[in-house]
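Each remark here refers to the structure printed beneath this line.
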Amino acid sequence: MTSNDHRIDARDWSLLAVLSVLWGGSFFFVGVVIRELPPLTVVLLRVALAALILLPVLWAYRTGFPRGLMGWRPFFVIALLNNVLPFSLMVTGQTYISSGLASVVNATTPLFTVLVMAAAGDERLHARRVAGVVIGLIGVAILHVQHLGFSSGQGFGILLCLAAAFSYGLSALYARRRLSNSPPLATATFQMLASTVMMIVIAGVFERPWQLPMPDTVTWLALFGLAALSTALAYIVFFQILRRSGSTNVMLVTLLIPVTAILLGWLVLGESISLAEIVGALVIGSALLVIDGRVFSYISGVASTPKATP
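Set out below in structure tokens:
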């Protein structure tokens with residue numbers, strides 16, 4: 001059952017943290033892969049490998065496939081909005097801008113989602129949620145202040161990544177309306193299969209992957225990480241959160257991704273954390289509290305509690 005999109009429980013906050021790690025890794029993996037492969041071929045391999053990984057799991061759970069064109073139609077639509085368009089736009093954008101800057105632009109997804117939901121009449125435009133998302137964007141900008149300088153060609157890359165974020169907002173609306181009752185594993189698998197069909201055509205026409213030289217081992221490892229972790233597993237978690245807490249809340253993960261990326265760099269790679277990154281993380285944390293809203297209810301409850309008289 002889909003919630004009312006206002007509150008997130010402790011379990012879904014934990015799932016959002018896991019999803020932020022899985023999707024945060026995608027920027028790193030893509031940064032490695034695009035050194036050898038063109039963007040559309042990267043997207044094709046990403047969704048095709050993810051589909052191959054998910055299919056045995058789906059068969060193990062004895063989940064049936066959609067029947068007929070009408071049964072597959074919603075999965076092709078969500079594949080277009082949630083994979084084919086945003087993946088292609090984001091990967092192409094990363095050929096013009098850094099992975100860090102791409103993750104900053106990607107963090108606009110919750111704002112687009114809020115606006116899309118309000119424009120479609122599915123959700124009221126709550127001032128608290130808009131304020132929280134804007135505060136979060138400020139926090140993300142502070143985190144990556146070193147990546148915010150613009151050079152030749154970066155403007156086009158940023159526009160591509162913004163278009164990807166908008167597409168994610170549209171996909172959240174469609175998934176809420178048409179796929180809220182579909183099991184997460186089934187939705188993720190069918191979406192990947194539909195994406196693979198479309199990307200075979202698109203990449204085949206524009207890039208002819210079969211004519212490209214064979215990538216090296218490092219590129220294949222990055223592709224496997226991109227497909228297995230940042231796509232197959234990530235979308236199972238994504239659709240689980242979507243069913244439980246709603247479309248706007250699940251997109252908050254894009255605010256968390258830069259924070260987890262910095263924490264992973266500190267824990268795994270021994271990278272130092274700057275003052276700007278600490279401040280940015282605190283600003284994002286306060287933004288999530290504003291969006292969640294429970295802290296205001298608690299403060300209001302404490303303020304309204306009558307004091308005992310002596």
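Quick note: the sequence shown, position 285, residue 285 per the UniProt record's numbering, numbers continuous.
Ideal Cβ positions, reconstructed from N, Cα and C, are used throughout, including at glycine.
Keep in mind it's a predicted model, so treat the numbers as computed, not measured.
For the alpha helix (DSSP H) containing residue i, name the first residue and the last one.
i	result
Leu15	Ala10 to Val33
Tyr61	Per DSSP, Tyr61 belongs to no alpha helix (DSSP H) and is neither H nor E.
Trp220	Thr217 to Ala227
Glu277	Leu275 to Asp292
Gln191	Pro184 to Phe206
residue 318	Because the chain is modelled from 1 through 310, residue 318 falls outside the range shown and cannot be assessed.
Leu160	Gln154 to Arg178
Leu242	Ala234 to Ser245
Return yes when the Cβ of residue j is within less than 8 Å of the Cβ of residue i, no when it is not.
i	j	result
Ala164	Met90	yes
Ile97	Gly169	no
Leu226	Ser26	yes
Leu212	Thr41	yes
Ala232	Leu54	yes
Leu44	Met199	yes
Val237	Leu15	yes
Val32	Ala222	yes
Gly64	Ile257	no
Val116	Leu162	no
residue 341	Leu255	An answer regarding residue 341 cannot be provided, because it is not within the stretch 1 to 310 covered by the chain.
Ala172	Ser247	yes
Asp12	Ile241	yes
Ala107	Val140	yes
Phe190	Pro66	yes
Thr196	Ala51	yes
Asn83	Val30	no
Pro39	Thr92	yes
Pro184	Leu37	no
Gln94	Ile8	no
Val114	Leu125	yes
Arg62	Asp122	no
Roughly how far, in whole angstroms, is the beta-carbon of residue i from the beta-carbon of residue j, given that I think they are within contact range, below 8 Å?
i	j	result
Val77	Tyr235	15 Å between Cβ atoms; not a contact.
Ser88	Phe28	Not quite, the Cβ-Cβ distance comes to about 19 Å (not below 8 Å), so this is no contact.
Arg128	Val259	No, Arg128 and Val259 are not in contact; Cβ-Cβ is about 21 Å, not under 8 Å.
Phe166	Phe239	Wrong, their Cβ atoms sit about 20 Å apart, outside the cutoff.
Leu179	Pro56	Not confirmed; about 22 Å, so no contact.
Ser20	Val201	At roughly 32 Å, the Cβ-Cβ gap does not stay under 8 Å, so Ser20 and Val201 are not in contact.
Ala276	Ile138	Going by Cβ atoms, the distance from Ala276 to Ile138 rounds to 12 Å, so no, they are not a contact pair.
Leu49	Phe224	7 Å
At a threshold of 7 Å, does residue i count as lining the ligand FAD (C-beta to nearest heavy atom)?
i	result
Val30	The ligand FAD is not part of this structure, which contains no ligands at all.
Entirely enclosed alpha helix (DSSP H) segments - the segment 68–149, minimum 4 residues | Listed in chain order, they are 68–79, 85–93, 99–106, 109–119 and 127–143.
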